[in-house]
Structures are given as structure tokens and as C-alpha cells.
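Numbers 161 to 280, taken from this note's numbering, label the letters of the sequence shown in order.
Yeah, the Cβ is synthetic: ideal placement off N, Cα and C, and Gly gets one too.
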Amino acid sequence: MANILIVDDDEMHLDIYEGILKDFGHDITFVTRGAVAIKTALANPPDLIIMDIQMPEMSGFEAMRLIRAEIPLKNIPILAATIVVDAKSYDEIYESGATGYISKPIDAKQLIIRIQEMLS
């Protein structure tokens with residue numbers, strides 16, 4: 161299956177992702193900071209990155225821009241995960257390099273659909 165990097169500073173959300181994805185056979189790596197996500201992705205490029213937008217130290221927007229600046233990572237699909245999707249945020253999600261987005265709280269069925277879309 162796929163190698164998926166999940167970036168979220170909230171341990172509860174990481175537990176939710178794990179609960180949803182554990183039975184699908186994906187190799188999941190969890191990190192809680194944008195800077196760590198970039199280093200992790202460079203060391204072992206994933207097939208998909210799920211990126212929280214609202215994180216301390218480095219926002220998901222900034223992390224996505226930095227990921228897109230790295231040649232080995234520029235074509236990896238990124239699924240942005242966010243609580244707020246107004247018109248400005250929606251534009252910034254895509255301008256920052258996301259391939260798509262999913263709203264929080266995470267809906268299991270929608271997450272599975274979005275992952276399948278991103279990996280196909």
C-alpha cells in the first residue's frame with residue numbers, strides 16, 4: 161500500500177487518523193511539526209502527505225510551500241486538513257501547494273475517499 165506522512169500537532173487528531181487508517185495497510189508516519197515533516201519527507205519521500213494547516217512554529221501553509229520548493233517532493237500530493245475553509249483560506253490552501261483539502265473534524269468516509277483520489 162501507500163507510504164503516508166501525516167502532519168498534525170494535535171495528538172487527538174493523530175489518534176483519529178490512526179483509528180481510521182490502521183486497517184487499510186498503509187505505512188503511516190506521524191509528525192507534529194512542519195519542519196520535522198520536511199526533513200522526514202526528504203529522508204523517505206511519501207506517496208501522500210496529509211498536512212494540518214493550523215500548527216505552532218510553522219503553519220501548514222508555510223510547510224507546504226517549503227515542501228514544494230524541494231525538487232524530490234514537488235509532485236507528492238498534499239491533502240490539507242483544516243477546520244476553517246473560507247474563500248481566503250481556500251485560495252491560500254491551493255496557492256501554498258495543496259492538491260486538495262479535507263475539513264475537520266475528520267469524517268472517516270471522506271478521508272478514505274480523498275486518500276484514494278490522491279493516490280490514483
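So, is Y254 buried or exposed, given that buried needs 16 or more other C-beta atoms within 10 angstroms?
Classification for Y254: exposed.
Helix, strand or coil: which one does DSSP assign to G260?
Three-state DSSP puts G260 in a strand.
Does M161 pass the burial test, meaning 16 or more other C-beta atoms within 10 Å, or should it be called exposed?
With fewer than 16 other Cβ atoms within 10 Å, it is exposed.
What does a CB cutoff of less than 8 Å around A195 pick up in its chain, not counting 5 residues either side in sequence?
E217, M218 and A223, listed in sequence order.
Return the Cβ separation of D212 and D168 in integer angstroms, given the expectation that the two are a contact with Cβ distance under 8 Å.
At roughly 4 Å, the Cβ-Cβ gap stays under 8 Å, so D212 and D168 are in contact.
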